[in-house]
Amino acid sequence: MSTKATLFSGMAPSADSLQIGNYIGALQQWVEMQDTYNAIFCVVDLHAITVPQDPKTLAASTRTTAAQYIAAGIDPEQSILFVQSHVSAHTELAWILNTITGFGEASRMTQFKDKAAKQGTEAASLGLFAYPTLMAADILLYDATAVPVGDDQRQHIELTRDLGGRFNSRFGETFKLPEAVIMKETARIYDLQNPEAKMSKTSVSDSGVIWMMDEPSKTAKKIKSAVTDDDREIRFDRGAKPGVSNLLTILSAFTSTPMPELEASFAGRGYGDLKSTVADAVVATFEPMRARALELLSDPAELDRILSRNAARAEELAKPKLATVYERVGLLPRS
Numbered sequence: 004m005s006t007k008a009t010l011f012s013g014m015a016p017s018a019d020s021l022q023i024g025n026y027i028g029a030l031q032q033w034v035e036m037q038d039t040y041n042a043i044f045c046v047v048d049l050h051a052i053t054v055p056q057d058p059k060t061l062a063a064s065t066r067t068t069a070a071q072y073i074a075a076g077i078d079p080e081q082s083i084l085f086v087q088s089h090v091s092a093h094t095e096l097a098w099i100l101n102t103i104t105g106f107g108e109a110s111r112m113t114q115f116k117d118k119a120a121k122q123g124t125e126a127a128s129l130g131l132f133a134y135p136t137l138m139a140a141d142i143l144l145y146d147a148t149a150v151p152v153g154d155d156q157r158q159h160i161e162l163t164r165d166l167g168g169r170f171n172s173r174f175g176e177t178f179k180l181p182e183a184v185i186m187k188e189t190a191r192i193y194d195l196q197n198p199e200a201k202m203s204k205t206s207v208s209d210s211g212v213i214w215m216m217d218e219p220s221k222t223a224k225k226i227k228s229a230v231t232d233d234d235r236e237i238r239f240d241r242g243a244k245p246g247v248s249n250l251l252t253i254l255s256a257f258t259s260t261p262m263p264e265l266e267a268s269f270a271g272r273g274y275g276d277l278k279s280t281v282a283d284a285v286v287a288t289f290e291p292m293r294a295r296a297l298e299l300l301s302d303p304a305e306l307d308r309i310l311s312r313n314a315a316r317a318e319e320l321a322k323p324k325l326a327t328v329y330e331r332v333g334l335l336p337r338s
């Protein structure tokens, strides 16, 4: 790889489709960042199984997620795009990091506390508890110095830095310490039917969620049926006009148009114009992506070959780092 800094980001397999928040909040920016970094992208299937999964669904979702990232512009020749479980060094390094992570330290991770509270502590798995150390291994394994994440993942990057620094202090300089690259605020996309709530794959109604793999006509219908308000003025005001503000945010992200310019362009126009314009912009972007993803999924053997080649590239980077770690902690090499 070149002398450019290394970027690492993981992506969880996501059912039948990623949603618009995944695209605006992460994927759109990652596509741009792969030009300025040695970019490594990983479909984190091992992270996915920290909560119960249907095996057949997980396998299908892993392929579907990878196909959508390629369709959206992640170039598996320029970047490295692979499946986490295909490179065993991730779990091997995670175990080493587990041994230098304090129980109390891991207990303070807010995402574990939140998820455990939802499903009950007794039902939460040890894998869910150790999720942050596996994430730290994902990053440290490649000497990634840039990790694009949402603000809710900042604590995990801080733990990664702590563990990398602790290992370096105890066993000698081994890891580069990463910095979180917090995604732009455009990442916060809200439900079309309930614009007070963040759009999510767990939303109460499917009509409030825009999926990348939806039929174009279905996407347009959802946007044109979005909740707005009784006031006819089109302006960005999250407090007073959450529905309109949400539509403007989506349009700004898809057209790269500053918010004041959008507001000026809709002066004197109605919500119908706004919704139609947003629908056209989203469909124009997602329709070719959907077609490309379906093309990739129609030949799963070729998609698997792409992922296998990229896993081999990732392994070339990961194996030497893991060997150094093993040597430094005193594990006997296999003769």
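4 is the number of the first residue of the sequence shown in our numbering; add one for each residue after it.
The beta-carbon is built from N, C-alpha and C at its ideal position, and this holds for glycine as well.
Owing to the predicted nature of the structure, the values given are computational and were not obtained by experimental measurement.
Assuming residue i contacts residue j under a Cβ cut-off of 8 Å, what Cβ separation, rounded to an integer in Å, is found between them?
i, j, result
"L254", "A284", "6 Å"
"V90", "A321", "6 Å"
"H93", "L49", "7 Å"
"Q87", "V47", "5 Å"
Under the three-state reduction of DSSP, which class applies to residue i: helix, strand or coil?
i, result
"Q22", "strand"
"V90", "coil"
"E182", "strand"
"A270", "coil"
"L195", "coil"
"I83", "strand"
"T189", "Since pLDDT at T189 reaches only 47, below the 50 mark, its modelled position is unreliable, and no value is offered."
"T9", "strand"
"P135", "helix"
"K324", "helix"
"D232", "coil"
"K204", "coil"
"M14", "strand"
"D240", "strand"
"M4", "Legend: pLDDT at M4 = 48, less than 50; position of this residue unreliable, value from coordinates given subsequently. Coil, per DSSP."
Which residue comes first and which comes last in the alpha helix (DSSP H) that contains residue i?
i, result
"P151", "Where P151 is concerned, there is no enclosing alpha helix (DSSP H), although the beta strand (DSSP E) it sits in stretches over 149 to 152."
"S259", "Looking at the DSSP string, S259 is not in any alpha helix (DSSP H), and its letter there is neither H nor E."
"Q31", "31 to 36"
"S220", "219 to 227"
"I73", "58 to 75"
"G107", "106 to 110"
"R169", "157 to 174"
Evaluate residue i with the Cβ neighbour count: other Cβ atoms within 10 Å of its Cβ, from every protein chain shown; 16 or more gives buried, anything less gives exposed.
i, result
"K121", "exposed"
"K278", "buried"
"G167", "buried"
"A70", "buried"
"S338", "exposed"
"T104", "buried"
"Q31", "buried"
Going by DSSP, what residue range makes up the beta strand (DSSP E) through residue i?
i, result
"A42", "41 to 46"
Exercise for the section: Indicate whether the contact test is met: 3 or more Cβ pairs, each with one atom in the region 127 to 136 and one in the region 189 to 202, closer than 8 Å. Expected result: Counting C-beta pairs with one atom in each stretch, the region 127 to 136 and the region 189 to 202 have fewer than three that are closer than 8 Å, which means they do not touch.
Exercise for the section: Decide yes or no for the touch test of the region 237 to 254 against the region 305 to 324: beta carbon pairs closer than 8 Å, at least 3 of them. Expected result: Three or more beta-carbon pairs separated by less than 8 Å are not found between the region 237 to 254 and the region 305 to 324, which leaves the two stretches without contact.
Handout entry: Touch test, the region 215 to 224 against the region 261 to 274, Cβ-Cβ under 8 Å, three pairs minimum
Key = No, they do not touch.
Handout entry: Cβ contact (3+ pairs, closer than 8 Å) linking the region 28 to 45 and the region 94 to 101
Key = With the cut-off at 8 Å, the region 28 to 45 and the region 94 to 101 do not touch.
Handout entry: At least three beta-carbon pairs within less than 8 Å, the region 18 to 32 to the region 201 to 219
Key = At 8 Å Cβ cutoff, the stretches touch.
Practice task
Would you check if the region 293 to 301 and the region 73 to 82 touch, i.e. whether three or more CB-CB distances between them fall below 8 Å?
Solution key: Under the three-pair Cβ rule at 8 Å, the region 73 to 82 counts as touching the region 293 to 301.
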